[in-house]
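Numbering that gives the first Met the number 0 applies: residue 0 is where the sequence shown begins, and numbers increase by one.
C-beta: ideal position from N, C-alpha, C; glycine also.
Computed from a predicted model, the values in this text were never measured in an experiment.
Read the structure below first, then the notes.
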Amino acid sequence: MKKLFASLIAVLFSAAMFAQETPEVVGDPQVEVTASNITKTTFDLHFAPNSDAGTFYYVSGAEGTMAEQYAQFGAWMGFTCFEDLVKAWGISSTEEHDYTYTDMVPGTVYEVFVLVTDVNGTVAHLDTVLV
Numbered sequence: 000m001k002k003l004f005a006s007l008i009a010v011l012f013s014a015a016m017f018a019q020e021t022p023e024v025v026g027d028p029q030v031e032v033t034a035s036n037i038t039k040t041t042f043d044l045h046f047a048p049n050s051d052a053g054t055f056y057y058v059s060g061a062e063g064t065m066a067e068q069y070a071q072f073g074a075w076m077g078f079t080c081f082e083d084l085v086k087a088w089g090i091s092s093t094e095e096h097d098y099t100y101t102d103m104v105p106g107t108v109y110e111v112f113v114l115v116t117d118v119n120g121t122v123a124h125l126d127t128v129l130v
């Protein structure tokens with residue numbers, strides 16, 4: 000009985016040591032993404048963050064390929080969630096701007112993942128835009 004009680008205490012102590020509170024998101028960080036000038040091999044994206052947004056990250060891939068990349072390389076690269084991949088492989092910005100994707104494969108649907116943080120760097124949400 001003493002061993003069982005000691006084991007239970009050890010498990011509870013370990014869980015308490017590794018439990019982390021998720022920081023609260025400040026405000027309502029948003030990034031409006033608009034696609035335009037879509038051709039067979041290019042597309043433009045306009046990113047417009049609101050005043051509550053901190054850094055945002057974006058990355059694009061053919062539909063389904065980013066999830067495959069995460070499944071294949073995520074653990075090996077130390078990613079604990081898909082958001083880690085977007086941060087590591089994506090382009091980061093804090094300002095309104097445009098970006099042109101080129102050399103895209105004709106007839107392919109692309110997913111653009113946009114990870115938005117608040118002014119403290121807390122992840123607010125991950126959005127997906129299909130182009």
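T54 and T93 closer than 7 Å at C-beta: Cβ atoms of T54 and T93: closer than 7 Å.
Cβ-Cβ separation, P28 to V115 (assumed contact under 8 Å), whole Å: 5 Å
Straight-line Cα distance separating N49 from A123: 13 Å
Alpha-carbon spacing of G26 relative to D117, whole angstroms: 7 Å
CB-CB length for E95 against A47, believed under 8 Å: 5 Å
For V24 and V111, the rounded distance between their alpha carbons: 23 Å
Residue range of the alpha helix (DSSP H) that includes E82: F81 to W88
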